[in-house]
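S.K.:
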Amino acid sequence: MIIVEIINAREVVRQRIGRLGERLIGKVVDAEAQVEKALIQELDNAFKEFGIEARIFSVDGLQMVGKSHLELPIQVREERQVSSKQD
């Protein structure tokens, strides 16, 4: 499995859309999502060329912690406590 963390997404988008678009970064444009979308397209093309079958995921929230840990925060939508005792 390969994990790629893009660490300069804002700069890449800034170079692509110029100074006017720079003001939109973070308001209208999700820089990380845009760069990931472009990267996924390039990977898709390269994989097809080499006959590689793969599943490519773009996920939000993962963070690398040093070189040995991947932090996976979760958002709890609902919590329920179930008890086997009868009231």
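Just so you know, we're using our numbering here: the sequence shown kicks off at 6 and counts up by one.
We put the CB at the ideal spot given by N, CA and C, even for glycine.
(1) Looking only at DSSP bridge pairs, what is Glu76 linked to?
(2) Three-state secondary structure (DSSP) at Val9?
(3) Throw me the rounded Cβ distance for the Glu76 and Gln86 pair, which I believe falls under 8 Å.
(4) Which residue marks the beginning of the alpha helix (DSSP H) containing Phe52, and which one marks its end?
(5) Would you kindly work out how many angstroms separate the C-alpha atoms of Val64 and Arg82, rounded to a whole number?
(6) Buried or exposed: which applies to Val40, given that a residue is buried once 16 or more other Cβ atoms fall within 10 Å of its Cβ?
M.R.: From the atom records:
(1) Gln68
(2) coil
(3) That pair is no contact at about 26 Å.
(4) 36–55
(5) 18 Å
(6) With 16 or more other Cβ atoms from the protein chains shown falling within 10 Å of its own Cβ, Val40 counts as buried.
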